[in-house]
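Residue numbers (this note's numbering), protein chains in the order written: chain H, 2 to 115; chain F, 15 to 528.
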């Protein structure tokens, strides 16, 4: 939160913050959602993460394997569906971070590429 | 003789106007990988069909030395023409003239062509390539934007409005495309955002490139602001031509009917849906197996892929398809897929396009992030859109139709005209596992071997309820059909309901969930 100077002004019970947009400065309060927001980070194309919580049912690849785009990597069971996770890129797998039977949360990195 | 002199003068003036921002600016535009505004119009419209208006428009700004500046056509080209024979109104911002910036005259020209489109009831196409408001014209340029947004809104549901983003479209300017029906973007060329990377960096300290913030891919895959993604301007124009050929040109008429054509031979419908309800498949294969020439024109192909929407023809008649996609996220409804489907349903309803729904979904996506993102109000949009739609509504339940998802996906209860189910359909209040655990909780917990009892009860429930026959016995579905019968039955139902007349209670307008 660079350049947002938290500044307590003599306004009772409120937490005013100084904001500068396009050279205009204003004092305001922030919402909880805004305070808790995550900074944007570039998604790593070399990682395949789970899009939904579920259970790993099958893993078709291991470290060192060469795969083509759209090749099957593993099966993630979620919402009563055997979701086939395919490779987003053509490349060599460096790590497989899940094993059959493992229950995983959303956003867990399952496979990494070199 | 005297006349020849006048004609000569006109020719010279035209030539001058056609130069736009001059050779240097044109070279720059081409170096950026972009086509020139007039070339874009000519590539999109039928050959020789473009008729330009307000070619000699000039701004009247006087502040900041503007009086000395000549801006050809004030940075925008407007006119009429045809696309595959269909008359359209079009404007194209010319980035070579003062960066395509929008001043008062520029906006007046756009407003003029918008009013033509609304009066003549023909589609409006806007090619956006502009640095934004012309700062030197101050509040006049804001007024211009406002007038455009107002007309976008008033024309909504009357004529199709198409926005093509072929350059920057930033700040307030983005709201015109956002108010239109279809937004087209092109790789590396389109940029859309409310505040640019610079402002984001100084205010929030976040560093992001223009492409990562508002490039073509971002709006096609993440934000959902764009409906069509192309890798070149020419491909983009082909997509627009295809769209224009499929949709009715205003809300009084139906889409042009073409010669009926059967689906392709190699699209066999029987082998697509796996027997095991836990196995995914691509629902687009089902659509291709029923539509004419197996030609399905998908919209929002890269966003909220757990639902598939698009146009296809059934015996020459354009229909809108709404389908759960088991291949992605198990085909669940969530915030984005609800928004995607609901708006499309409303588009079809506004423009007299019958809606065909293919159902196969486990329900709404569970999760804190979904609940906190407002899946209740977003999910409600689908119910609202289906209920309100008075066009023919035909529904086929392919496999799973559970709980709220069953109701939402064009069910009889939301006034589908015909509902059919394949023998593989499972229509019930919830999945066998969940239902058995609740109904037989006591038996399971008190059994000697609870796990064995649980499995038995799940199996019992599955056999009794995970089929289409309970719903069929109550008339909630009209018949259980073989997959091979799907196209013929849909064609029959479409013919029957094509001219259906339904009236809703008189009101100014509803208050849909947003």
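Beta carbons: idealized from backbone N, C-alpha and C, even for Gly.
Residue state for residue 295(F) is assigned as coil, using DSSP reduced to three classes. At least 8 Å separates the CB of residue 112(H) from every CB of chain F. Excluding five sequence positions before and after residue 103(H), the CB atoms of its chain that fall closer than 8 Å to its own CB belong to 56, 57, given in chain order. Taking C-alpha positions only, residue 357(F) is separated from residue 326(F) by approximately 17 Å. Excluding residues up to 5 positions away in sequence, 87, 88 lie with their Cβ nearer than 8 Å to the Cβ of residue 71(H) in the same chain.
Of all residues in the segment 336-359 of chain F, only 340, 341, 342, 343, 344, 345, 346 place a beta-carbon less than 9 Å from a beta-carbon of chain H. For residue 48(H), the secondary structure class from DSSP, reduced to helix, strand or coil, is strand. DSSP links residue 398(F) through a beta bridge to no other residue. Note on geometry: alpha-carbon atoms of residue 104(F) and residue 114(F) lie some 16 Å from one another. The C-beta of residue 436(F) has 16 or more other C-beta atoms within 10 Å across all chains shown, which makes the residue buried. Less than 8 Å separates the beta-carbon of residue 146(F) from that of residue 184(F). In this structure the segment 252-264 of chain F does not touch the segment 403-415 of chain F; the number of beta carbon pairs closer than 8 Å is below three. Look at residue 249(F) here: in three-state DSSP terms it is helix. In the DSSP assignment, residue 142(F) falls within the unbroken beta strand (DSSP E) covering 138-142.
Annotation for residue 467(F): no beta strand (DSSP E) segment contains it, though the alpha helix (DSSP H) segment containing it runs 464-479. In this structure, residue 438(F) lies away from residue 469(F), with their beta-carbon atoms at least 8 Å apart.
Per DSSP, residue 86(H) lies in no alpha helix (DSSP H); the unbroken beta strand (DSSP E) holding it starts and ends at 82-87. In this structure, residue 206(F) and residue 241(F) do not form a Cβ contact; the two beta carbons are roughly 13 Å apart against a cut-off of 8 Å. Cβ-Cβ distances below 8 Å link residue 354(F) to 238, 314, 317, 318, 321, 323 in the same chain, with the five nearest sequence neighbours on each side left out; the list follows chain order. In the three-state reduction of the DSSP assignment, residue 103(F) falls in the strand class, which pools E and B. Between residue 171(F) and residue 266(F), the alpha-carbon positions lie close to 10 Å from each other. Given a length threshold of 3 residues, each whole run of the beta strand (DSSP E) inside the segment 28-89 of chain F is given here in chain order: 65-67. Under the three-state reduction of DSSP output, residue 389(F) falls in the helix class.
Comparing C-alpha distances from residue 88(F) to each of 382(F), 144(F), 290(F) shows the shortest one belongs to 144(F). Residues of chain H whose Cβ lies closer than 7 Å to the Cβ of residue 293(F) are, in chain order, 83. Judged by DSSP in its simplified three-state form, residue 362(F) adopts helix. Leaving aside the five residues that flank residue 126(F) on each side, the residues in its chain whose CB is nearer than 8 Å to its CB run, in chain order, 67, 68, 92.
Listed along chain H is no residue with a C-beta nearer than 9 Å to that of residue 472(F); the closest approach is about 12 Å.
From the listed residues 463(F), 443(F), 454(F), 522(F), the smallest Cα separation to residue 485(F) is found for 443(F). Taking each of 270(F), 377(F), 508(F), 422(F) in turn and checking the Cα distance to residue 370(F), the smallest one comes out for 508(F). Listed as beta-bridge partners of residue 278(F) by DSSP are no residues whatsoever.
Across the segment 212-238 of chain F, CB contacts with chain H closer than 8 Å involve 213, 216, 217, 218, 219, 220, 222, 226, in sequence order along the chain. For residue 23(H), the chain F residues whose C-beta falls within less than 8 Å of its own C-beta are 213, listed in chain order. Per DSSP, the beta-bridge partners of residue 493(F) are 434(F). Contact annotation for residue 40(H) against chain F: 218, 219, 220 [CB-CB distance below 9 Å, chain order]. Going by DSSP, residue 90(H) is part of no beta strand (DSSP E) at all; its letter is neither H nor E.
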